[in-house]
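Chemist: Heads up: the sequence shown is residues 467 to 589, going by my numbering.
A virtual CB, placed ideally from N, CA and C, is assigned to each residue, including glycine.
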Amino acid sequence: MSHENCIFCKIAAGQIPGKRVFEDDQLIVIHDINPAAKLHLLVIPKRHIETLADCLPENPADQALLGRMLALAPNLAREQGHGYADGAGGFRVVINTGPDGGQEVYHLHMHVLAGPRPWKRMG
Ligand code: 5GP
Ligand code: ZN
Numbered sequence: 467m468s469h470e471n472c473i474f475c476k477i478a479a480g481q482i483p484g485k486r487v488f489e490d491d492q493l494i495v496i497h498d499i500n501p502a503a504k505l506h507l508l509v510i511p512k513r514h515i516e517t518l519a520d521c522l523p524e525n526p527a528d529q530a531l532l533g534r535m536l537a538l539a540p541n542l543a544r545e546q547g548h549g550y551a552d553g554a555g556g557f558r559v560v561i562n563t564g565p566d567g568g569q570e571v572y573h574l575h576m577h578v579l580a581g582p583r584p585w586k587r588m589g
């Protein structure tokens with residue numbers, strides 16, 4: 467999908483509303499429109515990268531971005547009442563990649579899921 471028609475680029479640019487819970491210079495975090503669990507957040511880079519497979523392990527910018535996305539997850543979960551502490555609570559992070567990975571939106575994003583089971587199936 468081209469950048470111009472990308473739903474997450476439009477949300478990041480504020481052209482389409484999204485329920486934001488966090489924003490910095492590189493990322494936005496919104497609630498998923500069709501939550502699979504009580505907590506279902508999407509961590510979305512502002513930069514249009516189609517998939518995780520487009521990130522290069524030797525690229526410092528990609529390393530920093532992915533590290534930041536992952537390192538943010540525990541804070542987000544905690545702020546939303548689903549942190550992991552003292553052996554209780556917790557959350558899951560998922561990055562679907564490509565058709566076999568169940569990716570539907572081709573702008574890199576990381577799901578943060580938490581809450582009581584059962585969860586809805588994702589893809
Ligand atoms: P994927 O399958 O690509 O990993 O996940 C795409 C996710 O984006 C799905 O969970 C879907 O519900 C969510 N989604 C798709 N369009 C929108 C939208 O316009 N707003 C929000 N908040 N979430 C969306
Ligand atoms: Zn995009």
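With hydrogens ignored, establish whether the beta-carbon of Cys-521 is closer than 7 Å to any heavy atom of ligand 2.
Modeler: Flag unset: Cβ of Cys-521 not near ligand 2.
Chemist: Please confirm if the stretch 475-492 is in contact with the stretch 505-520, defined as three or more CB-CB distances below 8 Å between the two stretches.
Modeler: Contact between the stretch 475-492 and the stretch 505-520 is present, because at least three Cβ pairs lie under 8 Å.
Chemist: Should Phe-557 be counted as a contact of ligand 2 given a C-beta to heavy atom distance under 7 Å?
Modeler: No - ligand 2 has no heavy atom lying nearer than 7 Å to the Cβ of Phe-557.
Chemist: With a CB to CB cut of under 6 Å and the five nearest residues on each side skipped, what residues in its chain are close to Ile-561?
Modeler: Counting only Cβ-Cβ distances below 6 Å, and skipping sequence neighbours, we find Leu-518 and Met-576.
Chemist: Comparing alpha-carbon positions, which option in Gly-581, Gly-567 and Ala-539 lies nearest Ile-496?
Modeler: Closest by alpha carbon: Ala-539.
Chemist: Specify the secondary structure class of Arg-486 as computed by DSSP and reduced to three states.
Modeler: In the structure shown, Arg-486 sits in a strand (DSSP, three-state: E or B).
Chemist: Could you give the first and the last residue of the continuous beta strand (DSSP E) run that contains Met-576?
Modeler: That run of the beta strand (DSSP E) goes 576-580.
Chemist: Return helix, strand or coil for Arg-544, following the three-state DSSP convention.
Modeler: In the structure shown, Arg-544 sits in a helix (DSSP, three-state: H, G or I).
Chemist: I need the straight-line Cα distance from Gly-555 to Trp-585, nearest angstrom please.
Modeler: Answer to the nearest angstrom: the Cα atoms are 15 Å apart.
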